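The block underneath contains the structure these notes are about, expressed in structure tokens.
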Amino acid sequence: MEDIEKAMDALLRASRVVVLTGAGISAESGVPTFRGEDGLWKNYRPEELATPGAFARNPELVWEWYYWRRSIIGKAEPNPGHLALKTLEDRLLDRFFLITQNVDGLHRKAGNERLVEFHGNIWINRCTRCGNERFDDTVKFEGLPTCPGCGSLERPGVVWFGEAIPSGVIRISMERVRSCDVCLVVGTSGVVQPAASLADAAKVSGAFIIEVNPQATPISYTADVSLRGKAGEVLPQLVSQ
Ligand code: OAD
Ligand code: ZN
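Numbering of the sequence shown is given in our numbering, commencing with residue 2 and proceeding in unit increments.
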């Protein structure tokens, strides 16, 4: 059997499916990934900007980067890869679960509902003092945003390097990966923890691992099948039956 057939077969037999996505699934929607050359912004690497230390030192710089990303994401539409995952959820309903590392909200825009946003959502501002969260669709830096409640500085409602994933999000994600029989890993470099370890946890629990990525990653060693192609091309084929 060809790899794509093996993957389709596993998906068709699966009773519980977990999908783990990263920046690669949004690449075809025009959202730059983090670790490609196009991921650089003004010569900064994400690891230098997405940290509490960077924000403490220079909140303007960090917010400017997030507004720049919002301006791109705001214009982006879900691509055939996102839509294929919506199709899969419609077919499996509660037997489907999506864990995304992306903060762009494109899975929700595609219509997926059974999901967690592991690293938060770029359209949320969170108060650094009282913790209040609000939706903010500003895409241009016009001074530091402040909390409508207490007037303190707000930060992006995302998880930064060195910060913990909210415990509820970890719990539900681990529950799901441990009880799935197919784990589909799409468009992630598999180097950022703890997200990357979710595929290992699925594997240890006996799940069949399908990777979709044009390039090899550390997850390729774990994967039962590695489909080397773009999400927008491979996923529609994968769910076509
Ligand atoms: P990366 O930028 O590290 O990796 C993107 C992956 O997508 C790479 O493995 C590419 O080969 C692959 N890729 C590119 N185009 C693709 C396509 N059309 N279809 C499928 N795959 C494609 O992004 P993530 O793994 O998501 O975290 O990065 C993980 C985390 O690091 C992010 O959530 C973010 C980042 O810094 C935080 O900010 C905490
Ligand atoms: Zn506040």
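Here a beta-carbon is modelled for each residue, glycine too, at the ideal position from N, C-alpha and C. Since the model is a prediction, treat every value here as computed from it, not as a measurement.
Identity of the residue in the options nearest residue i by Cα
i	options	result
F136	R130, E143, P149 and F142	P149
V170	Q216, I26, F98 and K204	F98
D10	G191, I210, P79 and T147	I210
R115	E134, T129, N133 and R92	R92
K141	A224, W66, D4 and A165	W66
E48	V160, V187 and G106	V160
G31	A77, R14 and N44	A77
I73	G40, A55 and N133	G40
L50	P157, T129, R17 and G188	P157
R17	R46, N133 and V183	V183
Residue i Cβ short of 7 Å to the ligand ZN heavy atom set
i	result
G153	Correcting the residue type first, residue 153 is Ser in the shown sequence and not Gly. S153 Cβ: within cutoff of the ligand ZN.
G158	no
N133	yes
C148	yes
C181	no
C184	no
Distance between residue j and residue i (C-alpha atoms, nearest Å)
i	j	result
G207	N59	45 Å
K7	D225	9 Å
S198	T139	34 Å
A217	T22	15 Å
N103	M2	33 Å
P327	I26	For the chain, the structure presents residues 2 to 242; residue 327 sits outside this window and is missing.
H83	N44	30 Å
D201	R36	21 Å
F56	V192	23 Å
R46	L89	34 Å
Check: residue i C-beta below 7 Å from any heavy atom of the ligand OAD
i	result
I73	no
W200	A small fix is needed here, since residue 200 is Ala in this sequence, not Trp. A200: no, Cβ never under 7 Å from the ligand OAD.
Q238	no
S190	yes
I102	Going by the sequence as given, residue 102 is Gln instead of Ile. At least one heavy atom of the ligand OAD is nearer than 7 Å to the Cβ of Q102, so yes.
I5	no
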